[in-house]
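Protein chains in written order, with this note's numbering: chain C, 2 to 145; chain W, 19 to 595; chain V, 386 to 722.
Think of the CB as a built atom: it goes at the ideal place given N, C-alpha and C, for glycine as much as any other residue.
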Amino acid sequence: MATVPILGLKTHSQKVCSLYKRALRNLESYYDRRNVFRYQAVLLRARFDQNAKECDLRKATELLKAGEEELFQIQHPIPKKFAQSPGGVAFERVVTPPDWVLDYWHPLEKAQYPEYFKKREERKKEFIAMWEKEYGQSDKKNSH
Amino acid sequence: MWMSSICFIWGVFFFFLSLFMFYWVIYLMMNNIVYFLEWEVISFNSVKIEMGVLFDWMSMLFMMFVFLISSVVILYSKSYMSSELNLNRFIMLVIMFVLSMALLIISPNMISILLGWDGLGLVSYCLVIYYQNIKSFNAGMLTALSNRIGDVLILMSISWMMNYGSWNFYFYLEFMKNDFEMLVIGGLIMAAAMTKSAQIPFSSWLPAAMAAPTPVSALVHSSTLVTAGVYLLIRFNYLFIDSYIINILLLLSGLTMFMAGISANYEFDLKKIIALSTLSQLGLMMSILSMGMGDLAFFHLLTHAMFKALLFMCAGLIIHMFNDIQDIRYMGGISLYLPLTSLCFNIANMALCGIPFLAGFYSKDLILEVVMMSNLNLFVFFLYFISTGLTVFYSFRLSMYLMVGDYNLMSVYNLYEEDYVMLKSMFILLVMSVVSGGMLVWMIFPYPYMIYLSLNMKLMVVYVSLLGGLMGYLVSVMKIYSLNKFIITYKLSSFLGVMWFLPNLSTYGLNYIFLSLGGKMFKNLDMGWIELYSVRGISLILKKNSIFYNFFHMNNFKIYLFSFIMWMVMFLFMLII
Amino acid sequence: MYPSLNSNKMFFYFILFLSTLISISSNSWLGCWVGLEINLLSFIPLISNTNNMMSSEASLKYFLTQSIASINFLFFILLKLMWMKNFMLNNSISILINSSLLMKMGSTPFHFWFPNIIEGLSWFNSFILMSWQKIAPMILLSYYFYSKFIIIIIIMNSIIGAIGGLNQSSLRKIMAFSSINNLSWMLASLLISENLWIFYFMMYSFLIMILCLLFNSMNLFYINQLFFFNMNYGIKFLFLINFLSLGGLPPFLGFYSKWIIINFLIFNNFPMVCFFLIMMSLIILFFYIRIIYSSFLFNNLNLKWISIKLKNKQLFFYTLSSLISIFGIIFSTFFFM
Numbered sequence: 002m003a004t005v006p007i008l009g010l011k012t013h014s015q016k017v018c019s020l021y022k023r024a025l026r027n028l029e030s031y032y033d034r035r036n037v038f039r040y041q042a043v044l045l046r047a048r049f050d051q052n053a054k055e056c057d058l059r060k061a062t063e064l065l066k067a068g069e070e071e072l073f074q075i076q077h078p079i080p081k082k083f084a085q086s087p088g089g090v091a092f093e094r095v096v097t098p099p100d101w102v103l104d105y106w107h108p109l110e111k112a113q114y115p116e117y118f119k120k121r122e123e124r125k126k127e128f129i130a131m132w133e134k135e136y137g138q139s140d141k142k143n144s145h
Numbered sequence: 019m020w021m022s023s024i025c026f027i028w029g030v031f032f033f034f035l036s037l038f039m040f041y042w043v044i045y046l047m048m049n050n051i052v053y054f055l056e057w058e059v060i061s062f063n064s065v066k067i068e069m070g071v072l073f074d075w076m077s078m079l080f081m082m083f084v085f086l087i088s089s090v091v092i093l094y095s096k097s098y099m100s101s102e103l104n105l106n107r108f109i110m111l112v113i114m115f116v117l118s119m120a121l122l123i124i125s126p127n128m129i130s131i132l133l134g135w136d137g138l139g140l141v142s143y144c145l146v147i148y149y150q151n152i153k154s155f156n157a158g159m160l161t162a163l164s165n166r167i168g169d170v171l172i173l174m175s176i177s178w179m180m181n182y183g184s185w186n187f188y189f190y191l192e193f194m195k196n197d198f199e200m201l202v203i204g205g206l207i208m209a210a211a212m213t214k215s216a217q218i219p220f221s222s223w224l225p226a227a228m229a230a231p232t233p234v235s236a237l238v239h240s241s242t243l244v245t246a247g248v249y250l251l252i253r254f255n256y257l258f259i260d261s262y263i264i265n266i267l268l269l270l271s272g273l274t275m276f277m278a279g280i281s282a283n284y285e286f287d288l289k290k291i292i293a294l295s296t297l298s299q300l301g302l303m304m305s306i307l308s309m310g311m312g313d314l315a316f317f318h319l320l321t322h323a324m325f326k327a328l329l330f331m332c333a334g335l336i337i338h339m340f341n342d343i344q345d346i347r348y349m350g351g352i353s354l355y356l357p358l359t360s361l362c363f364n365i366a367n368m369a370l371c372g373i374p375f376l377a378g379f380y381s382k383d384l385i386l387e388v389v390m391m392s393n394l395n396l397f398v399f400f401l402y403f404i405s406t407g408l409t410v411f412y413s414f415r416l417s418m419y420l421m422v423g424d425y426n427l428m429s430v431y432n433l434y435e436e437d438y439v440m441l442k443s444m445f446i447l448l449v450m451s452v453v454s455g456g457m458l459v460w461m462i463f464p465y466p467y468m469i470y471l472s473l474n475m476k477l478m479v480v481y482v483s484l485l486g487g488l489m490g491y492l493v494s495v496m497k498i499y500s501l502n503k504f505i506i507t508y509k510l511s512s513f514l515g516v517m518w519f520l521p522n523l524s525t526y527g528l529n530y531i532f533l534s535l536g537g538k539m540f541k542n543l544d545m546g547w548i549e550l551y552s553v554r555g556i557s558l559i560l561k562k563n564s565i566f567y568n569f570f571h572m573n574n575f576k577i578y579l580f581s582f583i584m585w586m587v588m589f590l591f592m593l594i595i
Numbered sequence: 386m387y388p389s390l391n392s393n394k395m396f397f398y399f400i401l402f403l404s405t406l407i408s409i410s411s412n413s414w415l416g417c418w419v420g421l422e423i424n425l426l427s428f429i430p431l432i433s434n435t436n437n438m439m440s441s442e443a444s445l446k447y448f449l450t451q452s453i454a455s456i457n458f459l460f461f462i463l464l465k466l467m468w469m470k471n472f473m474l475n476n477s478i479s480i481l482i483n484s485s486l487l488m489k490m491g492s493t494p495f496h497f498w499f500p501n502i503i504e505g506l507s508w509f510n511s512f513i514l515m516s517w518q519k520i521a522p523m524i525l526l527s528y529y530f531y532s533k534f535i536i537i538i539i540i541m542n543s544i545i546g547a548i549g550g551l552n553q554s555s556l557r558k559i560m561a562f563s564s565i566n567n568l569s570w571m572l573a574s575l576l577i578s579e580n581l582w583i584f585y586f587m588m589y590s591f592l593i594m595i596l597c598l599l600f601n602s603m604n605l606f607y608i609n610q611l612f613f614f615n616m617n618y619g620i621k622f623l624f625l626i627n628f629l630s631l632g633g634l635p636p637f638l639g640f641y642s643k644w645i646i647i648n649f650l651i652f653n654n655f656p657m658v659c660f661f662l663i664m665m666s667l668i669i670l671f672f673y674i675r676i677i678y679s680s681f682l683f684n685n686l687n688l689k690w691i692s693i694k695l696k697n698k699q700l701f702f703y704t705l706s707s708l709i710s711i712f713g714i715i716f717s718t719f720f721f722m
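Structure, rendered in structure tokens:
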């Protein structure tokens with residue numbers, strides 16, 4: 002899972018927030034009616050709030066560990082995912098080529114759409130002008 | 019513009035082809051005729067390679083259904099794939115699929131069956147990976163490799179069949195029945211059919227193949243490709259009557275039916291639920307086939323093709339409306355916005371459950387009553403009836419999720435049935451899934467099956483269906499105070515929900531052993547012993563010997579002459595003594 | 386292609402060919418010996434070349450070995466005449482007579498003179514030595530031999546031919562060792578029938594003729610010469626094809642004769658001999674390919690100031706004979722339609 006926090010690189014509160022969010026998403030997979038999910042989410046929030054004032058970091062770490070363990074034990078085998086998001090069924094089904102691909106067209110290909118490319122060149126110049134106005138001229142030493 | 023689109027042309031072409039086939043079915047049936055055309059390609063010593071074509075009512079009827087479904091599916095793709103750039107390629111693939119299916123259906127010869135069979139495998143692979151993302155790629159690889167097992171088994175049965183001098187299995191089924199080799203061939207064919215029809219050890223590919231575009235699922239993965247195995251076994255049915263290997267098939271297909279029925283209840287992906295229901299129905303066909311009733315299996319195959327294709331097309335329309343979302347947890351209340359689609363969907367679902375006088379009723383009820391009439395053990399009996407209940411269970415659950423309740427995806431939404439292209443093609447199948455059961459039962463069976471049961475037995479189907487419907491209602495009604503049964507039985511549920519871990523068996527389970535074995539072989543043999551004792555070793559020995567030999571050439575010339583004389587003298591002494 | 390055409394040499398060539406015919410067509414052992422002796426004496430003047438010191442050394446060595454073999458041959462045929470009646474067989478006598486004949490043809494245990502002498506000969510003379518000079522001793526061997534002895538000799542020939550040629554850099558020595566290896570095939574064919582021997586010998590002489598004449602016309606004597614000589618790819622290709630053919634690679638003519646011999650050896654229950662012959666011909670093929678492959682296909686230098694030109698007549702001859710050596714098997718099928 003991409004969302005698992007890398008231990009040691011996040012603060013404790015970040016880890017707890019991450020756990021809370023993943024637990025909510027997990028509940029969402031189980032309770033598909035909105036009202037039922039809200040009720041369960043409130044219960045979950047209550048469980049988190051119970052220990053929110055815990056100042057002893059040793060105990061808090063233990064609690065976080067227990068929470069991760071519980072989430073792992075009841076994670077849904079078929080998580081609810083949006084279709085186009087990573088893990089969804091239609092993820093990367095339609096690949097949109099990035100804009101710079103157009104710059105690599107052959108001149109003959111470009112010549113088929115003269116108006117578009119004329120406008121595109123103008124826009125490029127305008128963009129560079131805008132950039133230089135905002136950030137100043139780029140240093141020659143830094144460019145390759 | 020609309021008339022000249024490739025979808026319209028091919029759809030109409032296949033529709034008229036289907037009508038033509040219907041005419042032939044009637045003709046062949048009424049006159050009780052079978053046409054068998056054969057061309058001898060080549061003949062070796064005593065082995066003949068032939069291309070045969072068999073036109074009997076069975077192949078014609080199946081062809082008619084295949085052409086009908088493909089015609090509506092191609093018409094449907096006009097709208098479903100409308101934003102697709104390579105629509106021509108898609109349609110060509112579908113047509114290639116239909117042609118190889120036709121080749122499989124009409125061939126009574128193992129070699130031409132293999133050609134059709136391989137064509138099906140290849141084209142279905144191309145169709146599964148039609149959307150070129152990672153998920154489709156994995157699913158396609160699983161599909162292709164599972165089907166490849168079946169191809170290899172058919173190839174093996176071809177090589178066994180060379181004993182008989184020809185590959186027209188049609189002639190050998192009854193006459194060679196007591197031959198052990200024919201039994202081996204039968205076993206191979208049975209296993210091949212199990213791969214194609216996704217029976218238990220191989221069933222993980224069918225839900226995975228749902229990564230294909232929905233029209234493909236409607237044509238390929240519900241009605242035609244997966245029934246190719248059943249059809250092949252129906253052709254081979256004479257061979258299996260009274261042979262013991264068929265009991266294995268009975269057990270496995272019964273378990274498949276049961277497993278798929280349960281897994282469908284745990285699944286949330288709309289297409290996968292329908293795929294698992296297909297798997298369950300395939301198990302039903304296979305199991306009734308393995309009890310010797312090939313005609314009933316064929317009957318159910320045809321009616322099932324109709325309403326399952328319809329179900330998939332409705333699902334496709336819903337997915338289209340929902341902007342590619344397939345998870346039923348996002349859906350709900352669509353009956354208010356898509357009334358005609360919901361109509362088709364519910365009728366197809368009810369036909370699947372076997373509600374009286376829809377298509378599924380005639381075949382399924384007949385099958386179950388024949389099962390009750392025959393000698394069976396309790397285990398198989400329960401498999402049949404629990405699975406029947408489960409069918410109603412998941413159908414009801416699916417309908418509840420889709421039709422009843424609130425729309426779950428977004429708070430602001432607007433759904434409407436703009437698409438009459440899809441709806442029109444669905445209506446053709448709607449009519450068929452209402453009338454095809456009654457039509458076929460009058461056509462196929464010249465005299466009705468005699469059923470004689472006690473009242474409770476007769477009502478057993480109704481009992482389990484009502485029970486299944488009740489449970490389907492109960493699981494899909496979710497209240498704030500209701501317990502979450504999934505978490506309570508978490509381990510059991512996750513076992514049942516992922517098809518009894520079958521996907522793990524056919525992906526990681528296989529790869530792990532063979533890849534690690536291959537790695538060890540490579541390390542120890544290719545990079546070790548073989549290198550030492552063949553390649554390096556030989557060159558080393560030759561080099562050493564060659565250097566050693568050159569040492570002899572460094573002598574004086576007189577030594578050679580002297581050694582020759584000594585040799586002669588030695589033999590001369592031997593001569594004298 | 387064109388050995389020096391002075392009248393003396395023509396005379397000696399005439400005697401050389403005729404003496405072999407005397408030897409193989411006489412009906413007494415003494416007549417055979419006379420033919421062999423004339424053959425020896427006519428080959429010596431052909432070897433000698435005033436411009437080359439090596440050739441006179443080679444002629445002397447040739448004279449010594451051949452005359453010792455002839456003396457022994459004469460001695461043992463006379464011994465056999467004294468001690469035994471006609472048609473009586475004795476293994477030791479046959480070994481002795483065979484040994485002297487094997488010495489004459491340069492077969493294995495007595496082959497040490499053969500690479501030595503061939504090093505001093507021109508390519509044309511090497512060709513004569515490797516092909517024509519073997520006819521008489523082999524035919525005489527076929528009259529009277531002890532087969533177990535000959536089988537051992539065959540196996541030794543094939544092994545020595547393969548092992549010895551592996552480490553050579555002189556093309557003539559490589560050809561000499563390949564000739565020793567091919568001698569084992571010829572002796573194996575002698576075990577079975579004389580017709581088979583003629584068949585193999587014809588094929589072998591044909592292939593070796595093409596190669597020797599190609600080498601001769603380009604003055605190639607050592608492998609390293611192959612790395613830097615200018616030649617168009619067609620002629621390099623001729624080398625490749627003819628070497629592969631000589632090694633017995635299947636589509637070519639050289640395979641045909643080996644194929645037939647393998648066939649007959651297996652019919653006549655000599656599987657072990659067959660095994661050695663095939664395995665060792667693999668090694669032979671390896672060093673043929675090594676000659677060709679590395680020098681022609683991988684690293685060749687093109688020197689601008691050396692270029693070798695062939696006359697059209699020569700080129701025509703080489704291509705025609707290479708054509709036969711490529712498609713010989715296919716052509717031969719037309720003869721038996």
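For a contact defined as C-beta to C-beta under 9 Å, what are the partners of W/F575 on chain V?
Those are K446, L449, T450, F497, W498, N501, listed as they occur along chain V.
Would you call the region 376-387 of chain W and the region 247-260 of chain W in contact, with 3 or more CB pairs under 8 Å?
No contact exists between the region 376-387 of chain W and the region 247-260 of chain W.
Thinking C-beta only, is W/L171 closer than 8 Å to W/A230?
W/A230 places its beta carbon 8 Å or farther from that of W/L171.
Assuming W/I176 contacts W/M128 (C-beta within less than 8 Å), just tell me the rounded distance between them.
5 Å between Cβ atoms; contact.
Within chain C, the residues that W/K153 reaches when beta carbons sit closer than 8 Å
By Cβ distance, chain C contributes V90, F92.
Roughly how many angstroms lie between the CA atoms of W/I336 and W/I113, to the nearest whole one?
About 25 Å.
Cβ-based burial, W/E285 [other Cβ within 10 Å; buried from 16]
The Cβ neighbour count for W/E285, taken over all protein chains shown within 10 Å, is at least 16; the residue is labelled buried.
Consult DSSP for W/I559 and reduce its assignment to one of helix, strand or coil.
The answer is helix: DSSP assigns W/I559 an H, G or I state.
Buried versus exposed, by CB contacts within 10 Å (16 or more), W/T161:
Counting Cβ neighbours within 10 Å, W/T161 comes out buried, since at least 16 surround it.
Can the beta-carbon of V/I668 be found closer than 8 Å to that of V/L551?
Yes, they are a contact pair.
Listing by chain order, which chain C residues have their CB less than 8 Å from the CB of W/E285?
Per Cβ cutoff of 8 Å: I79.
Using the beta-carbon of each residue, which ones in chain C are nearer than 7 Å to W/M478?
Taking the beta carbon of W/M478 as reference, no residue of chain C falls within 7 Å; the closest one sits roughly 33 Å away.
Identify which residue in W/V65, W/K66, W/M82 has its Cα closest to the Cα of W/F73.
From the listed residues W/V65, W/K66, W/M82, the smallest Cα separation to W/F73 is found for W/M82.
According to DSSP, what are the bridge partners of W/K66?
BP columns for W/K66 point to W/S61, W/S184.
Helix, strand or coil at C/V90 [DSSP, three-state]
In this structure, DSSP gives C/V90 a state outside helix and strand, which the three-state scheme calls coil.
What did DSSP end up calling V/N609 once you bin it into helix, strand or coil?
Look at V/N609 here: in three-state DSSP terms it is helix.
Taking only three categories from DSSP, how would you classify V/S555?
Of the three classes helix, strand and coil, the one that applies to V/S555 here is strand, per DSSP.
Could you name the residues of chain C that W/G515 contacts, counting a contact when the two beta carbons are closer than 9 Å?
Result: P78, I79.
Give the single residue among W/N50, W/F375, W/G158, W/G29 whose Cα lies nearest to the Cα of W/T525.
Of the residues W/N50, W/F375, W/G158, W/G29, the one whose Cα lies closest to the Cα of W/T525 is W/G158.
W/D3 by DSSP, collapsed to three states: which one?
Only positions 19 to 595 of chain W appear in this structure, which leaves residue 3 of chain W out of reach.
Applying the criterion that 16 or more other CB atoms from any shown protein chain within 10 Å of the CB defines a buried residue, is C/G88 buried or exposed?
Counting C-beta atoms within 10 angstroms of its own C-beta, C/G88 has fewer than 16 neighbours from the protein chains shown and is therefore classed as exposed.
With three or more beta-carbon pairs closer than 8 Å as the criterion, would you say the region 604-617 of chain V touches the region 649-662 of chain V?
Short answer: they don't touch.
In its own chain, which residues sit with a C-beta less than 7 Å from the C-beta of V/L662, not counting the 5 before and 5 after it?
Around V/L662: S543, S569, W570, A573.
In the structure shown, what three-state DSSP assignment does V/N617 receive?
Coil.
Min CB distance W/N568 to chain V below 8 Å
Cβ-Cβ to chain V under 8 Å: yes for W/N568.
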